[in-house]
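Below is one structure, written out as structure tokens; the observations come after it.
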Amino acid sequence: TGKFTYDPGFLSTASCNSAITYIDGDKGELLYRGYPIEQLAVNCDFLETCHLLLYGELPNSDQKSEFVNRVTHHTMVNEQMHFFLRGFRRDAHPMAVMTGLVGALSAFYHDSTDINNPEHRDIAAIRLIAKMPTLVSMAYKYSVGQPFIYPKNDLSYAGNFMRMMFATPCEDFHVSPVIERALDRIFILHADHEQNASTSTVRLCGSSGTNPFAAIAAGVACLWGPAHGGANEAALNMLEDIQRRGGVEKIGEFITQVKDKNSGIKLMGFGHRVYKNYDPRAKLMRETCHEVLNELGLHNDPLFKLAMALEKIALEDDYFVARKLYPNVDFYSGIVQRAIGIPVSLFTAIFALARTVGWIAQLNEMIADPEYKIGRPRQLFSGAAPRQVKPIGER
Ligand code: CMC
Numbered sequence: 059t060g061k062f063t064y065d066p067g068f069l070s071t072a073s074c075n076s077a078i079t080y081i082d083g084d085k086g087e088l089l090y091r092g093y094p095i096e097q098l099a100v101n102c103d104f105l106e107t108c109h110l111l112l113y114g115e116l117p118n119s120d121q122k123s124e125f126v127n128r129v130t131h132h133t134m135v136n137e138q139m140h141f142f143l144r145g146f147r148r149d150a151h152p153m154a155v156m157t158g159l160v161g162a163l164s165a166f167y168h169d170s171t172d173i174n175n176p177e178h179r180d181i182a183a184i185r186l187i188a189k190m191p192t193l194v195s196m197a198y199k200y201s202v203g204q205p206f207i208y209p210k211n212d213l214s215y216a217g218n219f220m221r222m223m224f225a226t227p228c229e230d231f232h233v234s235p236v237i238e239r240a241l242d243r244i245f246i247l248h249a250d251h252e253q254n255a256s257t258s259t260v261r262l263c264g265s266s267g268t269n270p271f272a273a274i275a276a277g278v279a280c281l282w283g284p285a286h287g288g289a290n291e292a293a294l295n296m297l298e299d300i301q302r303r304g305g306v307e308k309i310g311e312f313i314t315q316v317k318d319k320n321s322g323i324k325l326m327g328f329g330h331r332v333y334k335n336y337d338p339r340a341k342l343m344r345e346t347c348h349e350v351l352n353e354l355g356l357h358n359d360p361l362f363k364l365a366m367a368l369e370k371i372a373l374e375d376d377y378f379v380a381r382k383l384y385p386n387v388d389f390y391s392g393i394v395q396r397a398i399g400i401p402v403s404l405f406t407a408i409f410a411l412a413r414t415v416g417w418i419a420q421l422n423e424m425i426a427d428p429e430y431k432i433g434r435p436r437q438l439f440s441g442a443a444p445r446q447v448k449p450i451g452e453r
């Protein structure tokens, strides 16, 4: 066996060369194409960030208008997708629906199916970025039994998404600029995060030369899990659970349970494979949380107070200090989304919407890399030694 390096969970394996996202986990730094996330979150919008991730540079104003025009040109989905969606149960989890819908896009766009053709890959990227808000809001509208709202291209990316989510044919919907900006920031903070589980899934899936939409659907499926994108939903459920048990006063009891390894309970929204310091996205998200709650007159929101108290207690506790466990992006994002009116079950779908650009940028980078090969890990075999098959009567 000594031929292969055994590295379960890829703790020390670099699977690729990448020039997209840089993380210094000890310092708590995150950069997209060299730009600190704190500067992008304040100075840029999500579509500028998409341009940066996809093409390597922030757009100037002409490039931005061209990019926005290209994206908005593709915001609608084929009408047949509505019928496909209607095949799901209305109480299906939105991530189950999204895995299906994104995979189904491969059946519609025959001019963007060849992953080895740069033009196909580019048009697939634009289509995916354009259509994800439409698909997520369709999944939501279907679950609540309301008619689908078509995209409106003179709105911002986040503003259009909010309208497709919350407008109805009988009443239009106006979103406050603070909320629109907050949602846009959520998208920016989730846009890429180097070789995490879902991105590695997309790369591995795409390495077989599959259809780009199918590769992204694989990423959606991977993101669903509670150890990855599902953590935002799990973190909010956890906060609600502590609130039901009695709120801030019960934090100590809860932390004791978390520290007991037999309880199987983790502090959701805490800990990260790479960050051994404060996740910079969590800081920005906490700031956004303040802004959104103030805008909505919810500054006394008990869950936010609970989250801040829980964070403070955990950061001072020996268990968390010794293991360098800090809040991650998901700790506060659920509170922001819930305040905006987004149902908890949709949180991970919104993460998928935002991460789509990262997935496709990473996929494109891989295919364009002359060293790229189909991903094919080896194993250390631990099964039976060779043996003879006996006739069924002798087994
Ligand atoms: N609560 C309690 N203990 C924890 C937690 C937590 N959230 N996270 C890690 N630990 C403990 C873990 O039990 C282990 O303890 P010990 O050394 O005594 O065995 C130690 O800390 C190291 O943890 P690990 O499981 O070896 O770390 P990992 O890199 O394999 O896992 C993680 C990283 C994110 C899966 C994990 O921290 C976790 O499950 N966190 C909760 C879920 C979560 O918030 N996920 C979102 C991640 S950020 C968004 C995204 O990427 O999708």
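Numbering (our numbering), first residue to last: 59 to 453.
Beta carbons: idealized from backbone N, C-alpha and C, even for Gly.
Between the CA atoms of residue j and residue i - distance to the nearest angstrom
| i | j | result |
| --- | --- | --- |
| residue 198 | residue 449 | 55 Å |
| residue 116 | residue 132 | 21 Å |
| residue 73 | residue 305 | 43 Å |
| residue 362 | residue 269 | 42 Å |
| residue 124 | residue 188 | 14 Å |
| residue 183 | residue 86 | 29 Å |
| residue 294 | residue 310 | 18 Å |
| residue 336 | residue 166 | 42 Å |
| residue 277 | residue 452 | 46 Å |
| residue 195 | residue 206 | 8 Å |
| residue 317 | residue 296 | 15 Å |
| residue 79 | residue 102 | 16 Å |
| residue 77 | residue 402 | 34 Å |
| residue 162 | residue 150 | 17 Å |
| residue 260 | residue 307 | 43 Å |
| residue 25 | residue 447 | This structure leaves residue 25 out entirely; the chain is present only between 59 and 453. |
| residue 69 | residue 409 | 24 Å |
| residue 208 | residue 347 | 29 Å |
| residue 416 | residue 425 | 14 Å |
| residue 323 | residue 292 | 11 Å |
| residue 522 | residue 251 | In the structure as shown, the chain starts at 59 and stops at 453, and residue 522 therefore has no counterpart that could be examined. |
| residue 59 | residue 445 | Its pLDDT being 49, under 50, residue 59 is placed unreliably in this model, and the value from its coordinates should be taken loosely. Their Cα atoms are separated by approximately 20 Å. |
| residue 113 | residue 185 | 15 Å |
| residue 398 | residue 392 | 10 Å |
| residue 242 | residue 118 | 19 Å |
| residue 428 | residue 442 | 39 Å |
| residue 177 | residue 122 | 19 Å |
| residue 321 | residue 331 | 21 Å |
| residue 368 | residue 343 | 16 Å |
| residue 432 | residue 137 | 35 Å |
| residue 411 | residue 61 | 40 Å |
Sheet register partners of residue i (DSSP bridge)
| i | result |
| --- | --- |
| residue 226 | 229 |
| residue 328 | 385 |
Among the options, the one whose alpha carbon lies nearest that of residue i
| i | options | result |
| --- | --- | --- |
| residue 96 | 320, 181, 145, 247 | 247 |
| residue 127 | 113, 396, 211, 225 | 211 |
| residue 356 | 396, 342, 318 | 396 |
| residue 385 | 354, 338, 393 | 338 |
| residue 63 | 104, 359, 436, 269 | 436 |
| residue 99 | 442, 360, 341 | 341 |
| residue 204 | 218, 222, 77 | 222 |
| residue 170 | 451, 360, 272, 282 | 272 |
| residue 326 | 283, 351, 267 | 283 |
| residue 302 | 364, 267, 346 | 364 |
| residue 280 | 407, 89, 70, 308 | 407 |
| residue 220 | 227, 232, 228 | 232 |
| residue 129 | 71, 213, 253, 83 | 213 |
| residue 319 | 377, 331, 352 | 377 |
| residue 353 | 394, 332, 374, 428 | 394 |
| residue 419 | 119, 193, 257 | 257 |
| residue 421 | 156, 172, 65 | 172 |
| residue 153 | 229, 249, 181, 288 | 288 |
| residue 249 | 89, 439, 428, 122 | 89 |
| residue 179 | 191, 193, 164, 192 | 164 |
| residue 217 | 343, 91, 238 | 238 |
| residue 255 | 91, 432, 440, 413 | 413 |
Rounded distance between the beta-carbons of residue j and residue i, thought under 8 Å
| i | j | result |
| --- | --- | --- |
| residue 274 | residue 160 | 6 Å |
| residue 380 | residue 313 | Not confirmed; about 14 Å, so no contact. |
| residue 93 | residue 265 | Their Cβ separation, rounded to whole angstroms, is 28 Å, which puts residue 93 and residue 265 out of contact at 8 Å. |
| residue 328 | residue 389 | 7 Å |
| residue 349 | residue 240 | 6 Å |
| residue 200 | residue 143 | 6 Å |
| residue 370 | residue 83 | Not quite, the Cβ-Cβ distance comes to about 22 Å (not below 8 Å), so this is no contact. |
| residue 146 | residue 155 | 5 Å |
| residue 405 | residue 290 | 4 Å |
| residue 174 | residue 267 | 7 Å |
Beta carbon proximity, residue i to chain D, threshold 8 Å
| i | result |
| --- | --- |
| residue 263 | Note that chain D does not occur in the displayed structure, where there is just one protein chain. |
Entirely enclosed alpha helix (DSSP H) segments - the stretch 71-131, minimum 4 residues: Within the stretch 71-131, complete alpha helix (DSSP H) segments of at least 4 residues are found at 95-101, 104-113, 119-131, given in chain order.
Ordered list of alpha helix (DSSP H) runs contained in the stretch 157-212, each at least 4 residues: Fully contained in the stretch 157-212 are the following alpha helix (DSSP H) runs of length 4 or more, in chain order: 176-202.
Alpha helix (DSSP H) segments (min. 4 residues) lying fully within the stretch 381-424: Taking only runs of at least 4 residues, the alpha helix (DSSP H) segments lying wholly in the stretch 381-424 are 388-398.
In chain order, each alpha helix (DSSP H) run of at least 4 residues that lies wholly inside the stretch 246-312: Counting only unbroken stretches of 4 or more residues, the alpha helix (DSSP H) elements lying wholly within the stretch 246-312 are 255-264, 270-281, 289-303, in sequence order.
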